[in-house]
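**Student:** In the UniProt record's numbering, the protein residues as written are 1 to 393. Below is a structure I'd like to ask you about.
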């Protein structure tokens with residue numbers, strides 16, 4: 001079933017929740033299921049099933065525990081260290097969006113932010129807060145949704161159609177936290193091919209920057225694939241250090257066949273006491289409101305540059321990796337891979353970079369080898385290589 005013929009799903013979208021964010025921050029279009037109904041698959045077992053091809057990663061979940069005291073402390077330090085940069089980046093992104101869309105959107109036809117669950121959620125909420133800030137010089141009518149995208153299986157077509165049906169005359173911008181290799185960009189582009197013909201009913205909603213230009217916004221874009229990003233640097237984005245407890249207590253999404261409904265997710269109600277989601281938003285948003293630096297219009301790119309593609313291929317050859325999904329670049333992705341996957345080793349550009357303290361702590365805790373490769377892996381500061389499981393990758 002394509003996104004073009006799912007008009008049966010027109011609904012009152014206000015019935016959907018916002019995780020632990022405010023209802024005004026986001027509407028998350030996911031089917032929230034009870035975590036007790038989801039099989040809790042241990043990491044090593046999940047890894048073997050994924051790499052053997054027996055199961056897709058989006059069919060399984062390893063339920064999250066609360067972060068350790070050390071992990072929490074490193075997150076708090078990262079937030080203090082990075083809050084001004086994050087706030088400045090959000091302000092510049094909001095300003096750039098306002099400059100691009102101010103003549104084309106209004107209260108009846110707002111800009112639609114569609115965050116990709118989960119890493120996009122905190123960034124989308126921050127952008128939404130900035131755009132609805134009437135005291136700013138970049139206020140813009142906007143509505144924010146979160147929907148699932150899954151590697152190999154695409155964007156949740158039903159969720160996207162629900163948004164298009166609710167906002168038939170609004171431009172959509174997709175929001176993610178950062179880019180690693182550009183895999184999610186490719187997945188997004190494939191999912192949007194159905195809308196790519198100029199005579200398609202929703203062509204202007206998606207391809208408002210021109211045919212083939214995928215409107216993906218990220219905070220950081222080391223891979224060089226985003227239409228709009230605050231920078232191309234791999235830096236310690238604070239929200240990249242935690243999982244559900246900075247993403248509205250929402251789990252990584254689980255795939256659902258389109259005929260059966262929306263992609264699914266778990267709400268971690270058992271982690272409420274450890275939740276930083278709103279505190280993170282409030283910290284960055286308060287910092288943004290106090291900034292005195294001049295706003296900066298950011299460049300946009302209608303086509304991806306794939307500036308790290310050669311580096312990924314070199315690493316794959318050097319480490320005899322045929323499955324590129326085993327390579328997890330960027331500080332955020334490398335950290336998440338240590339927490340969720342079964343790492344073989346960590347590659348660092350520097351042995352003492354302050355942005356990789358948590359990574360190095362986790363490696364010491366789990367006895368994961370570290371290799372310092374210097375400029376060879378730049379612009380990435382860190383890359384996790386996932387351990388090979390089974391005879392066939």
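Where is the CB? At the ideal position from N, CA and C, for every residue including glycine.
Which parts of the stretch 127 to 171 are runs of the beta strand (DSSP E), unbroken and 3 residues or longer, counting only runs that do not cross its ends?
**Tutor:** The stretch 127 to 171 contains these whole beta strand (DSSP E) runs: 142 to 150.
**Student:** Assess contact between the stretch 87 to 94 and the stretch 129 to 143, defined as three or more Cβ pairs (one per stretch) separated by less than 8 Å. Is contact present?
**Tutor:** Touching, per the Cβ criterion.
**Student:** Which partner residues of residue 371 appear in the DSSP bridge assignment?
**Tutor:** Looking at the DSSP assignment, residue 371 forms a beta bridge with 347.
**Student:** What does residue 382 pair with, by DSSP beta-bridge criteria?
**Tutor:** Paired residues: 348.
**Student:** Whole angstroms are fine: how far does the CA of residue 280 sit from the CA of residue 326?
**Tutor:** Approximately 30 Å, taken between the alpha carbons.
**Student:** Return the residue from the list 104, 230, 289 that minimises the CA-CA distance to residue 219.
**Tutor:** That would be 230, whose Cα lies nearest to the Cα of residue 219.
**Student:** Leaving out five residues before and five after residue 369 in sequence, what residues of the same chain have Cβ atoms less than 6 Å from its Cβ?
**Tutor:** Excluding residues within five positions, the ones whose Cβ falls inside 6 Å are 345.
**Student:** By the 10 Å Cβ neighbour count, where 16 or more other Cβ atoms means buried, how is residue 286 classified, buried or exposed?
**Tutor:** Label assigned to residue 286: exposed.
**Student:** Is residue 324 closer than 8 Å to residue 316 when the C-beta atoms are compared?
**Tutor:** Yes, they are a contact pair.
**Student:** Alpha carbon to alpha carbon, what distance is there between residue 329 and residue 12?
**Tutor:** Taking the straight line from one Cα to the other gives about 39 Å.
**Student:** If you run the structure through DSSP and keep just helix, strand and coil, what is residue 175?
**Tutor:** Three-state result, residue 175: strand.
**Student:** Does residue 264 come out as helix, strand or coil in the three-state DSSP assignment?
**Tutor:** Strand.
**Student:** With burial defined as no fewer than 16 other Cβ atoms inside 10 Å of the residue's Cβ, what is the status of residue 1: buried or exposed?
**Tutor:** With a pLDDT of only 36 at residue 1, under 50, the local geometry of the prediction cannot be trusted, and no value is derived from it.
**Student:** Starting from residue 321 and walking both ways along the beta strand (DSSP E), at which residues does that stretch end?
**Tutor:** Element bounds for residue 321: n/a, residue is neither H nor E.
**Student:** Nearest-angstrom Cα distance between residue 267 and residue 116?
**Tutor:** Going by the C-alpha atoms only, they are around 16 Å apart.
**Student:** What do you get for residue 167, buried or exposed, if any count of 16 or more other CB atoms within 10 angstroms of its CB means buried?
**Tutor:** Burial call: buried.
**Student:** Just grab the DSSP bridge partners of residue 31 for me.
**Tutor:** Residue 31 pairs with 264.
**Student:** Check each candidate in 273, 278, 251 and name the one with the smallest Cα separation from residue 34.
**Tutor:** That would be 251, whose Cα lies nearest to the Cα of residue 34.
**Student:** Once the 5 residues before and after residue 175 are set aside, which same chain residues still bring their CB inside 6 Å of it?
**Tutor:** Counting only Cβ-Cβ distances below 6 Å, and skipping sequence neighbours, we find 113, 115, 120, 123, 124, 217.
**Student:** Of all the alpha helix (DSSP H) runs that stay within the bounds of the stretch 275 to 302, which reach a length of 4 or more residues?
**Tutor:** Listed in chain order, the complete alpha helix (DSSP H) runs (minimum 4 residues) inside the stretch 275 to 302 are 277 to 289.
**Student:** For residue 302 versus residue 213, is the C-beta distance shorter than 8 Å?
**Tutor:** A contact, by the Cβ cut-off of 8 Å.
**Student:** Let me make sure I understand the geometry here. Which of 150, 73, 171 has the alpha-carbon closest to that of residue 108?
**Tutor:** Cα-wise, what sits closest to residue 108 is 171.
**Student:** How close, in whole Å, do the beta carbons of residue 306 and residue 225 come, if the pair is a contact with beta carbons under 8 Å?
**Tutor:** Right, the Cβ-Cβ distance comes to about 6 Å (below 8 Å), so this counts as a contact.
**Student:** Less than 8 Å between the C-beta atoms of residue 163 and residue 185, yes or no?
**Tutor:** Contact flag unset, no.
**Student:** Applying the 10 Å Cβ sphere with the 16-neighbour rule, what's the burial state of residue 205?
**Tutor:** Counting Cβ neighbours within 10 Å, residue 205 comes out buried, since at least 16 surround it.
**Student:** Rounded to whole angstroms, what's the CA-CA distance from residue 255 to residue 48? Just pull it up for me.
**Tutor:** Straight-line Cα distance between these residues: approximately 19 Å.
**Student:** What residue range does the beta strand (DSSP E) around residue 115 cover?
**Tutor:** Run containing residue 115: 111 to 117, per the beta strand (DSSP E) assignment.
**Student:** Please classify residue 184: does DSSP put it in a helix, a strand, or coil?
**Tutor:** Three-state DSSP puts residue 184 in a helix.
**Student:** Give the list of continuous alpha helix (DSSP H) stretches no shorter than 4 residues that lie fully inside the stretch 179 to 260.
**Tutor:** If we require 4 residues or more, the alpha helix (DSSP H) runs fully inside the stretch 179 to 260 come out as 183 to 191, 203 to 206.
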